[in-house]
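Residue numbers (this note's numbering): 1 to 185.
Data first, discussion second: the structure below is written as structure tokens.
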């Protein structure tokens, strides 16, 4: 990890903040993204390493290529991407408004796809890299009260498995992590 450049989305709290601290302790340089600038700056200060705080709205897909350009330009490369940003819901499927499905799929599935698509040509062109996608056990088996979240996390697994199958021979390593319940905000 020493001197590798890692971009973590959803870095302002929970798994993303913990990963930032762990990677920073191992000497990685970090790009920290999310929406809460103050929280991102606090994580950056705690990380003990060189950081770029790069807040952005994950569902502003048109802006993602320019954000990816800025991230890449910071150190001239990105060795690893952690697609971690996400939101959830707690409601029965029958009671969940369709707009909730749209919002969760936009943030939890389409935003990581957009960011990966923006970085993939550069990572492959640089000889590869690593992508870690944070899914969930709810992405493996549906769970009550999480129908939208479960659908998005199933999609995360399918998309990243496909990216791995298509690009592993080009030096790209893709890992999908499916944690259980995590205490976060």
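Heads up, the beta-carbon is just placed ideally off N, CA and C, and yes, glycines get one too.
Because the structure is a prediction, the values reported are computed rather than measured.
Which term fits residue i, buried or exposed, when burial requires 16 or more other beta carbons within 10 angstroms of its beta carbon?
| i | result |
| --- | --- |
| residue 67 | buried |
| residue 94 | exposed |
| residue 127 | exposed |
| residue 17 | buried |
| residue 181 | exposed |
| residue 56 | buried |
Judging by CA-CA distance, which residue of the options is the nearest neighbour of residue i?
| i | options | result |
| --- | --- | --- |
| residue 61 | 40, 38, 91, 113 | 113 |
| residue 11 | 4, 19, 5 | 19 |
| residue 1 | 120, 54, 46, 81 | 81 |
| residue 7 | 25, 34, 107 | 34 |
| residue 74 | 54, 58, 92 | 54 |
| residue 160 | 169, 148, 109, 171 | 109 |
| residue 132 | 172, 149, 118 | 172 |
| residue 162 | 117, 122, 99, 101 | 117 |
| residue 129 | 180, 52, 170, 137 | 170 |
| residue 28 | 79, 38, 9, 72 | 79 |
Can the beta-carbon of residue i be found closer than 8 Å to that of residue j?
| i | j | result |
| --- | --- | --- |
| residue 23 | residue 30 | yes |
| residue 115 | residue 64 | yes |
| residue 46 | residue 26 | no |
| residue 139 | residue 111 | no |
| residue 32 | residue 43 | yes |
| residue 101 | residue 141 | no |
| residue 145 | residue 91 | yes |
Bridge partners of residue i, per DSSP?
| i | result |
| --- | --- |
| residue 53 | 32 |
| residue 173 | 130 |
| residue 8 | 32, 82 |
| residue 164 | Its beta-bridge partners do not exist; DSSP assigns none. |
| residue 146 | 91 |
So, under 8 Å CB-CB, residue i and residue j are touching, yes? Tell me the CB distance rounded to an integer number of Å.
| i | j | result |
| --- | --- | --- |
| residue 70 | residue 5 | At roughly 13 Å, the Cβ-Cβ gap does not stay under 8 Å, so residue 70 and residue 5 are not in contact. |
| residue 134 | residue 84 | 4 Å |
| residue 151 | residue 107 | About 13 Å; that fails the 8 Å criterion. |
| residue 87 | residue 104 | 6 Å |
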